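Heads up: the structure comes next, in structure tokens.
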Amino acid sequence: MIAAKNDSWLALVPAGAKFAVLLLVSIGLYLVGHWQPLAVALLVSIALLLSAKVALRQLLWPLVSLLVIVGIIWVLLGIQTGWEQGAVAALRLLTLCIFAYTVSLSTTFDQMLELFQKVASPLKYLGANPAQISLGLALAVRFIPELKRVYLEVREAQFARGLHNNPLAVAVPLVIRSLRIAEETAEALDARGYDSTTTP
Amino acid sequence: MHSKPLESSPEIPVTGAAGTSSATKDTVLVAVFAAMIAAMGLVPPITLGLIPVPITLQTMGVMLAGAMLGPVRGMLATLTFVALVAAGLPLLSGGRGGLGVFAGPTGGYLIGFIAGSLVIGVLYKYWVLSRRSKAARLVAGFLSAVIGGVLVIYAFGIPWTAMVAGIPMGTSAIGSLGFLPGDLIKAGITTAVAVTVHRSYSGLMK
Amino acid sequence: MIKYAQWNVPEGTDPPLLADRKEPTMQASPKAAGQTSSVTVPGIHLEKITVLRAGKVILEDITVSLNEPRIGIIGPNGAGKSTLVRLLNGLVLPNSGTVQVGNFTTARAAKRIRRDVGFVFQNPANQIIMPLVRDDISFGLKNLGLAASERLRKVDQTLEELGIAHLAERESHTLSGGEQQMVALAAVLAMDPRVIIFDEPTTMLDLRNRLRFQKEINGLNQQAIVVTHDLEVLEDFDRVLVVTDGRIGFDGAPGDAVDFYRHWSAQ
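See the structure below:
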């Protein structure tokens, strides 16, 4: 759910502003108790989503699963407490999610990370190092495919040994290899002159 | 079974005690465990119960982060993972990610992950790992994993679902009961893994 | 410590046992006049080094100077090779003794020494830090304090020199093992070290990548210290150390060192 190449007007709005608006909208939606204004809000959110020129293909599956959930909620609440209240909850959820997706899809991953680092920067008064935060995020992104590969490798090895239904046989080597990866990577960081005490 | 990977490369010296920076190592551990939580969610999930919260090994990754790294680093690992989801990486089951997830009915569980790993970390560091016998460690470890990995996470997830979906708390709670068996099994596995690995990596939680 | 520069084993006779060795005769390496003649070395000296880990002796009483352009280190698993080379940039600090590189000792100035001593690890996957190749190579330069424009120039130049400019915008995890190791080398080379240490750099590579990587090592303008199980790499080296049981069991010309190691291993 990342903005691929987005050149809409929304992509030019700073990520922080979009987040702030999203937060206000989410609070606002919970203050509304009738379905009519919520239906209007839903139309606004859809209009915004379309104006952001996002690749709708990217949204297909999230939207389908969201609609299923919303449908279930509506039916559930409709039977239990009345159809109107069900509609309010369903509309609210749908609207909020579409707003959130719109923000996500019009903001690049880098912009998001930058925003997080800004948000986290007051932590430096508590002894945290902003440079370490950005390194940590970059490293995590770097190691997700690596860890997935390790996981599949370990699972394959245990399958080969006939340990099909033994989650321990997968989890123990996975954790140990993760620790080893961390050790070696920390060494590599040190060897390349990374100094966790200085800020860039 | 678990001794093999340890022996596979005996030449890498034990770091940390040496000229390497422990702050750097902590950052890397946090990042690698965040990546592990993510990787565990990228395998096929199992769906149980009426409310569609899919079951993956992801919660086990959250429990392991706390149990292996302790409260601070464990929580930071989970926080890193949650931040990457919020930033838009499709790391949740079914390729979900982005802010929409937090607005949706399961958003509370994600926030609960952060608190859960913190609680498990505290309990492991100050209670579980100071037990002498292996049996006591396993019992305390399992209880800790259930408290942090089930009770705390549910304490965030259930009210959130109730609020977001506008359903009564009781309905939300009953809906999440479907995940209890799976989560208890994951707490059990987490305990066995953590107790086993801490025995050979004793300096992991300073 | 026994130091053997020249230790020829006459054909048909078993090499003498360690205890039977005579005093060594040091001899300048004849190979230094070859392609590596332009290499300047910073001067590395280890003095009475002992390393303990968890009460176990990893390296014991090692005194050695490493000043040849191409030095190989071989020996069995667990003998202490990896620890020995990690001493050279302060990744491991000795329990007693000093490691001197140029004018600095690792105990006091490990960070300064790491500017001069680059390190290429065995597993390329774990030493590439950033999600993008370009950012990864830039990472070390950032640590050196280079400005963004300078980093950009240096990254491009290094990738160009190694013939891997096409990898610049790739995501790290999509690289093959051979490509990863080349990127790891680029990341180290970009920082302009005076010595590069390789810890089993070709172990995880296929034959083709192994040959290519060996060629890169041979052509370096820097001093290279290479830990390896790949004995063919050592052919043109100036000097080879055999580390056995935490000591330097042999020190001399490549051919003799390999003979010693083969015989030692067969025992």
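Residue numbers (this note's numbering), protein chains in the order written: chain A, 1 to 200; chain B, 1001 to 1206; chain C, 2001 to 2267.
From the three backbone atoms N, C-alpha and C, an ideal C-beta is built for every residue, glycine too.
If you're wondering where the values come from, they're calculated on a predicted model, not measured in any experiment.
If you run the structure through DSSP and keep just helix, strand and coil, what is residue i?
i                 : result
ILE1012 (chain B) : Note that ILE1012 (chain B) has pLDDT 39, beneath the 50 cutoff, so the model's placement of it is unreliable and no number is given.
GLY2255 (chain C) : helix
ILE144 (chain A)  : helix
ILE27 (chain A)   : helix
ALA20 (chain A)   : helix
GLY2043 (chain C) : coil
ALA2224 (chain C) : strand
VAL2049 (chain C) : Here residue 2049 (chain C) turns out to be Ile, not Val, going by the sequence shown. The answer is strand: DSSP assigns ILE2049 (chain C) an E or B state.
VAL75 (chain A)   : helix
LEU1029 (chain B) : helix
TRP1160 (chain B) : helix
VAL32 (chain A)   : coil
HIS2154 (chain C) : This sequence places Lys at residue 2154 (chain C); His is not what is there. It is helical.
ILE1189 (chain B) : helix
GLU2068 (chain C) : coil
PHE2237 (chain C) : coil
THR1020 (chain B) : coil
PHE1179 (chain B) : coil
GLN2267 (chain C) : coil
Who are the neighbours of residue i on chain A, taking C-beta pairs under 7 Å?
i                 : result
SER2172 (chain C) : ARG142
LEU1042 (chain B) : LYS148
THR1196 (chain B) : VAL172
LEU2152 (chain C) : Ordered by position in chain A, no residue passes the 7 Å Cβ test against LEU2152 (chain C), which lies about 16 Å from the chain.
Under 8 Å, Cβ to Cβ, is there at least one residue of chain C near residue i?
i                : result
LEU139 (chain A) : yes
ALA188 (chain A) : yes
GLY193 (chain A) : yes
GLU184 (chain A) : yes
ILE176 (chain A) : no
ILE181 (chain A) : yes
PRO130 (chain A) : no
Kindly give me the distance between the Cβ atoms of residue i and residue j, rounded to whole angstroms, as I take these residues to be in contact under 8 Å.
i                 : j                 : result
ASP2238 (chain C) : PRO2069 (chain C) : 6 Å
VAL2242 (chain C) : ILE2074 (chain C) : 6 Å
LEU1118 (chain B) : GLY1066 (chain B) : 7 Å
PHE143 (chain A)  : ILE181 (chain A)  : 7 Å
ALA1087 (chain B) : PHE116 (chain A)  : 7 Å
GLU2216 (chain C) : LEU2185 (chain C) : 6 Å
ILE2196 (chain C) : ALA2224 (chain C) : 5 Å
Is residue i a contact residue of the ligand COA, with contact defined as CB to any heavy atom under 7 Å?
i                 : result
THR1191 (chain B) : The ligand COA is not among the ligands present in this structure, which contains no ligands whatsoever.
For a cutoff of 8 Å on Cβ pairs, would you count residue i as touching chain A?
i                 : result
TYR1124 (chain B) : no
LEU1177 (chain B) : no
ASN2067 (chain C) : no
MET2204 (chain C) : no
ARG2114 (chain C) : yes
SER1202 (chain B) : no
MET1068 (chain B) : yes
LYS1134 (chain B) : no
GLN2222 (chain C) : no
GLY1182 (chain B) : no
MET1169 (chain B) : no
PRO1159 (chain B) : no
SER1021 (chain B) : yes
ALA2187 (chain C) : yes
GLY2177 (chain C) : no
PHE2213 (chain C) : no
In chain B, what lies closer than 7 Å to residue i by C-beta?
i                : result
GLY136 (chain A) : THR1027, VAL1030, ALA1031 and THR1080
LEU24 (chain A)  : Correct list: empty, because the minimum Cβ distance to chain B is about 13 Å.
Can you pull the chain A neighbours of residue i, defined as C-beta to C-beta under 8 Å?
i                 : result
ASN2143 (chain C) : ARG192, GLY193, TYR194 and ASP195
LYS2111 (chain C) : GLY193 and ASP195
PHE1102 (chain B) : ALA100
Any beta carbon from chain B within less than 8 Å of residue i's own beta carbon?
i                : result
PRO14 (chain A)  : no
ALA20 (chain A)  : no
ALA17 (chain A)  : no
ALA89 (chain A)  : yes
ASP7 (chain A)   : no
VAL103 (chain A) : yes
Using a C-beta to C-beta distance shorter than 7 Å, which residues of chain C count as neighbours of residue i?
i                : result
PRO145 (chain A) : HIS2173
Taking C-beta pairs closer than 9 Å, name the residues in chain A that residue i reaches, listed in chain order.
i                 : result
ALA2077 (chain C) : The sequence shown places Asn at residue 2077 (chain C), not Ala. Those within 9 Å of ASN2077 (chain C) in chain A number zero; the least Cβ separation is about 16 Å.
LEU2088 (chain C) : Simply none; closest approach about 10 Å.
Near-chain B residues of the region 34 to 59 of chain A (beta-carbon distance less than 7 Å), N- to C-terminal order: none
Of the residues that make up the region 107 to 122 of chain A, which ones have a beta carbon closer than 8 Å to any beta carbon in chain B? Taking 8 Å as the Cβ-Cβ cut-off against chain B, the residues of the region 107 to 122 of chain A that qualify are THR107, PHE109, MET112, LEU113 and PHE116.
Contact list for the region 59 to 79 of chain A against chain C, Cβ threshold 7 Å: Taken residue by residue, none of the region 59 to 79 of chain A has a beta-carbon sitting less than 7 Å from a beta-carbon on chain C.
Residues of the region 2118 to 2135 of chain C with a CB closer than 8 Å to any CB of chain A: list them in chain order, please. Taking 8 Å as the Cβ-Cβ cut-off against chain A, the residues of the region 2118 to 2135 of chain C that qualify are GLY2118, PHE2119, PHE2121, ASN2123, ALA2125, ASN2126, GLN2127, ILE2128, ILE2129, MET2130, PRO2131 and ASP2135.
For the region 2045 to 2063 of chain C, list every residue whose C-beta sits within 7 Å of some C-beta in chain A, in sequence order. none
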